[in-house]
Structures are given as C-alpha cells and as structure tokens.
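In this text, residue positions in the sequence shown follow the numbering used here: the first is 32, and each later residue adds one.
Just so you know, even glycine gets a beta-carbon here, dropped at the ideal spot from N, CA and C.
Please read the structure below before turning to the comments.
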Amino acid sequence: MKRIILKHHKNRTIALFVARVISTIAIAFFLLMVTGDLESINEPFTIEGLLVGGFAIMLLLAIIFCWFKEGIGGIILIIISVLFAIFIYISAGNYKLLASVLISLPFLLSGILFFTVGRVEK
Numbered sequence: 032m033k034r035i036i037l038k039h040h041k042n043r044t045i046a047l048f049v050a051r052v053i054s055t056i057a058i059a060f061f062l063l064m065v066t067g068d069l070e071s072i073n074e075p076f077t078i079e080g081l082l083v084g085g086f087a088i089m090l091l092l093a094i095i096f097c098w099f100k101e102g103i104g105g106i107i108l109i110i111i112s113v114l115f116a117i118f119i120y121i122s123a124g125n126y127k128l129l130a131s132v133l134i135s136l137p138f139l140l141s142g143i144l145f146f147t148v149g150r151v152e153k
C-alpha cells in the first residue's frame, strides 16, 4: 500500500515540475516578445497593444498564483488562456487558428496540469 502512495506522490511531483517549467518558459518568451515590441515607441498605442499587455500581466499573475495554489490557479490560468486564444483569433491577420493555438497552447497545457495536480490529494 505504501508503494502506491509513493508512486502517486512521485507522479504528482513530476507533473507539478513540468507545469512550472512550461509556464515559466512560456511567460518568459511572451514577456520578451511584448517588451521587445515596446521599442517601437514612435508608433501610437493601439487597443490591441494595450490588450496584449493586459493579457501578459494577467498571465504572469496567474502563473505566480499557480505556484502557490495549484487548483484554483490552474482554473484561472485556463480561463485566461482561452480568453487570450479568442482575442488572438479575432485580432490576427492571416492564419488565425494557427496563431491562436501556438501562442495560447503552452498556457492552456500548464493550466490543465496545475489544475490536475491541485485536484490530487496531497
């Protein structure tokens, strides 16, 4: 019986590690893209740019929250990533579905992993 509990704990630890790595790499890459775009300061701010910045901040806060409360944070991260995917689909030019999936998928996967880990009893 103890062997099953230990194995279960090991799987939970691995899933939590994978979720943290995916979310950290995804938000680091996304923030790098957003801050790199700020160099074009000569161009006026657009509503799309402000929304992308808002999503970047919300995703960052959701990921930080996930590190402490996996279950609730996972739900929040899933909701924000789905809303972000819808926003990308609406505002993208060409290849709407591809752009939406490629940018929001890492956040959605890590949100699902965080939610799954949070549902498992510790």
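Residue j beta carbon less than 9 Å from that of residue i
i, j, result
"Ser112", "Gly142", "yes"
"Phe145", "Leu47", "yes"
"Ile107", "Ala87", "no"
"Ile109", "Leu139", "yes"
"Gly104", "Thr147", "no"
Distance between beta carbons of residue j and residue i, contact taken as under 8 Å
i, j, result
"Ile119", "Ala130", "6 Å"
"Leu91", "Ile56", "That belief does not hold up - the Cβ atoms of Leu91 and Ile56 are roughly 13 Å apart, past 8 Å."
"Gly149", "Glu101", "3 Å"
Buried versus exposed call for residue i [16 or more other C-beta atoms within 10 Å across all chains shown]
i, result
"Val52", "exposed"
"Gly85", "exposed"
"Ile134", "buried"
"Phe76", "exposed"
"Phe61", "buried"
Residue of the options minimising C-alpha distance to residue i
i, options, result
"Phe115", "Ile103, Gly105, Val132, Asn125", "Val132"
"Leu82", "Val65, Cys97, Ile95, Trp98", "Val65"
Residue i: CB within 8 Å of a non-hydrogen atom of the ligand SAM
i, result
"Phe146", "Because no ligand of any kind appears in the structure shown, any question about the ligand SAM cannot be addressed here."
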